[in-house]
Amino acid sequence: MTYSTTITQKGQITIPKAIRDVLRMTIGQKISLELEREKEEIRIRVFPDILELAGTIKVRKNKGVDPVKAREYMETHYYERV
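Sequential numbering from 1 applies to the sequence shown in UniProt numbering.
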């Protein structure tokens with residue numbers, strides 16, 4: 001896909017709708033621009049929406065550790081160093 005766009009007086013560009021649709025870009029979504037100076041190109045990368053990440057991180061199950069004892073252990077072993 002090759003599209004052209006114009007730079008405004010404020011240095012802004014509009015990403016064509018076809019590209020936004022393919023990359024599933026939404027209003028307010030963060031993107032990163034990577035400059036490849038040798039090629040005189042800019043690469044756009046889309047950061048995933050935080051809601052799309054829901055459920056992708058697996059939470060470890062409590063393996064019989066008492067939370068109160070774990071807290072006491074941390075307070076005696078880790079907080080001393082600070």
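Virtual Cβ for every residue (Gly too), placed ideally from N, Cα, C.
Please read these numbers as outputs of a predicted model, since none were measured by experiment.
Asked                                                                                                                             : Found
Is any non-hydrogen atom of the ligand GTP found closer than 6 Å to the C-beta of Asp21, if you look at the structure I gave you? : Judged by which ligands are present, the structure shown has none, so any question about the ligand GTP falls away.
Which residue marks the beginning of the alpha helix (DSSP H) containing Val68, and which one marks its end?                      : 67-77
Cα separation between Gly64 and Met74?                                                                                            : 17 Å
Suppose you measure from the CA of Ile14 to the CA of Val59; what does that come to, to the nearest Å?                            : Looking at the sequence itself, residue 14 is Thr, so the reference to Ile does not match. Cα to Cα, the separation comes out at about 39 Å.
Using a Cβ-Cβ cut-off of 7 Å, state whether Pro16 counts as contacting chain B.                                                   : No chain B is present in this structure, which holds just one protein chain.
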